[in-house]
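Presented below is the structure to which this report refers.
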Amino acid sequence: MTEIPEHLLKRSKARKGTPAGDDASAAASASTAVTPTESSGPAQPPAIREAAAAIPRDPAPVAPKPVPPYVQAARTRKKMPMWAMAIIPFFTLLWAYSFAGTMQQPDVEDPLFTESAALYSSEGCAGCHGAGGGGGVGYAFSDGEIYTTFPAPIDQMVHIARGSAAIAGSQYGDPDRAGGARVAGNRGVMPNYPSLTQNQLELIVFHERATLGGEPTDSPAYQEWMDHMREVEEGNAPDHEIDLELFLSCANPEFTPEATGDAGDGNLEERNDLCPGPHVEADEEVAAG
0 MTEIPEHLLK RSKARKGTPA GDDASAAASA STAVTPTESS GPAQPPAIRE AAAAIPRDPA
60 PVAPKPVPPY VQAARTRKKM PMWAMAIIPF FTLLWAYSFA GTMQQPDVED PLFTESAALY
120 SSEGCAGCHG AGGGGGVGYA FSDGEIYTTF PAPIDQMVHI ARGSAAIAGS QYGDPDRAGG
180 ARVAGNRGVM PNYPSLTQNQ LELIVFHERA TLGGEPTDSP AYQEWMDHMR EVEEGNAPDH
240 EIDLELFLSC ANPEFTPEAT GDAGDGNLEE RNDLCPGPHV EADEEVAAG
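Under numbering that gives the first Met the number 0, the first residue of the sequence shown carries the number 0, and numbering increases by one thereafter.
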């Protein structure tokens, strides 16, 4: 605060009748009364002091957590250089070109086998001879039974196309097979199949002989026959109606009743052009009626 001037104090004392000798002491008292000490001040309430004490001070420094080993390993591991990243696509293409073509390719279903199996089932053959060719009402095809009965596919084609009722009581098949020739009608009557095309009939015969009967198919003539059936099935060669008269001229009279075996009139090449099934080789005997 501002100190009161001395002349004002004297004037005030004079009015009140205060002796002048007491001016110095009065001025000192007034100065002491008016001017507070620097250290003095209003007392603080206890609540304020407690709140001030509760204010957090700067915390003590905390030691850093140790770095986990896997993080430390990742920080110190050698990184792949950028130039190596640029050539990775090149090596990928090189691998694809060099090795991908040597890997095993997935099997593709052969229409020859799928369609022949479907026809065997849809035409009712499985109902009499069994789905696996093991026999039932009709004779078995498995274990070579079918091709010991019919040594050539053409004789079997005639039997299916004509049906057993047309030759009931007659012998058919190879008489030299175990058990001899069979008699038509002894195991029920097999109907004919006039609605089949020639290639459909060939596919059924192929399925019964090769797939169910286990007939070897590795000869060139057999492979050529299989290729021809594929071409027809895929639409690359024409199909035909069944010509039973032609079939009888191609069949062996020793195995097939009413067969003539005179297709081509002795010309082997012409016979092979006319008759379905595997071509007859030059050293094979062609029976004639």
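Cβ coordinates follow ideal geometry from the N, Cα and C atoms, glycine included.
Ignore the nearest five residues each way along the sequence and tell me which others in Ala139's own chain have a CB closer than 6 Å to its CB.
For Ala139, where only same-chain residues beyond five positions count, the Cβ hits under 6 Å are Gly133.
Quick one: what does DSSP say Thr147 is sitting in, helix, strand or coil?
Three-state result, Thr147: helix.
Considering only the beta carbon of each residue, do Gly184 and Ala160 sit closer than 9 Å?
Not closer than 9 Å, so no.
For Ser120, which option in Glu232, Ile203, Ala258 has the closest C-alpha, if you only look at C-alpha atoms?
Selected option, being the one with the closest Cα: Ile203.
Relative to the alpha-carbon of Leu211, which residue among Arg270, Asp175, Glu144 has its alpha-carbon at the smallest distance?
Of the listed residues, the one whose Cα sits closest to Leu211 is Glu144.
Rounded C-beta distance between Glu280 and Ala220? I'm assuming under 8 Å.
Going by Cβ atoms, the distance from Glu280 to Ala220 rounds to 6 Å, so yes, they are a contact pair.
Can you have a look at Asp154 and say buried or exposed, based on whether 16 or more other CB atoms are within 10 angstroms of its CB?
Label assigned to Asp154: buried.
Which same chain residues, not among the five before or five after Gln222, have their C-beta less than 8 Å away from its C-beta?
Closer than 8 Å at Cβ, skipping near neighbours: Thr216.
Near Pro174, which residues of its chain fall below 6 Å by C-beta distance, leaving aside the five closest residues on each side in sequence?
Closer than 6 Å at Cβ, skipping near neighbours: Ala180.
Can you check which of these residues, Arg186, Ala177, Arg176, Phe149, is closest to Ala167 by C-alpha distance?
The shortest Cα separation from Ala167 among Arg186, Ala177, Arg176, Phe149 belongs to Arg186.
Answer yes or no: do Pro152 and Gly276 have a C-beta to C-beta separation smaller than 9 Å?
Against a cut-off of 9 Å, the Cβ pair of Gly276 and Pro152 comes out as a contact.
When the distance is taken between beta carbons, is Gln197 closer than 9 Å to Asp293?
Absent from the structure is residue 293, since the part of the chain shown begins at 0 and ends at 288.
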